[in-house]
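Be aware that the sequence shown starts at 1, since it is given in UniProt numbering, and climbs by one per residue.
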Amino acid sequence: MLREDSKDAPRNQLRFAAVIMRIREPKTTALIFASGKMVCTGAKSEQQSKLAARKYARIIQKLGFPAKFKDFKIQNIVGSCDVKFPIRLEGLAYSHGAFSSYEPELFPGLIYRMKQPKIVLLIFVSGKIVLTGAKVREETYTAFENIYPVLTEFRKVQQWYALLLIML
Numbered sequence: 001m002l003r004e005d006s007k008d009a010p011r012n013q014l015r016f017a018a019v020i021m022r023i024r025e026p027k028t029t030a031l032i033f034a035s036g037k038m039v040c041t042g043a044k045s046e047q048q049s050k051l052a053a054r055k056y057a058r059i060i061q062k063l064g065f066p067a068k069f070k071d072f073k074i075q076n077i078v079g080s081c082d083v084k085f086p087i088r089l090e091g092l093a094y095s096h097g098a099f100s101s102y103e104p105e106l107f108p109g110l111i112y113r114m115k116q117p118k119i120v121l122l123i124f125v126s127g128k129i130v131l132t133g134a135k136v137r138e139e140t141y142t143a144f145e146n147i148y149p150v151l152t153e154f155r156k157v158q159q160w161y162a163l164l165l166i167m168l
């Protein structure tokens, strides 16, 4: 078992069927499965992810396991941003019901399942957005370009600003 050979790799088979290993540079976590497959999370770029995966393979080799680095691929890119204005999630959910799921008593964000590109966005009333599901970085940019006009349509107008507009 890898756990016996490496103090940095805690394992509890009853909870999760993978060895969890972490490195500091690039700061990532690897889930290493009995099948030999590995999932690397936490990298800030595709290049960092590949570098980290190579480092994990090398660590496993040094522990005496016949590890090989092959079939590397990016499965999921996650991005986040802040549009810097509050969003009316109820209105957005109602207007885009085919793509949206919003149940504030279960989760504070609106889940928006974009069809093209196939990206899931978590949209929060604060204007913070999490984009997930991309295979290539450009998909996150395209998804944001597609959703931004929708977000501006459902921009929450501040009470004082609304009163000012009425008074004019």
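Think of the CB as a built atom: it goes at the ideal place given N, C-alpha and C, for glycine as much as any other residue.
- Around the beta-carbon of F154, 16 or more other beta-carbon atoms lie within 10 Å, marking it buried.
- Of the candidates F85, L106 and G133, F85 places its Cα closest to the Cα of V150.
- Assigned with DSSP and collapsed to three states, S126 falls in coil, not helix or strand.
- Counting along the chain, L110 sits inside the beta strand (DSSP E) bounded by residues L110 to M114.
- A straight-line Cα-Cα distance of about 7 Å links K118 and G133.
- Per DSSP, F144 is one residue of the alpha helix (DSSP H) stretching across R137 to E153.
- Burial is judged here by how many other beta carbons sit within 10 angstroms of a residue's own beta carbon; A34 has fewer than 16 and is exposed.
- Here DSSP, grouped into helix, strand and coil, assigns S45 to coil.
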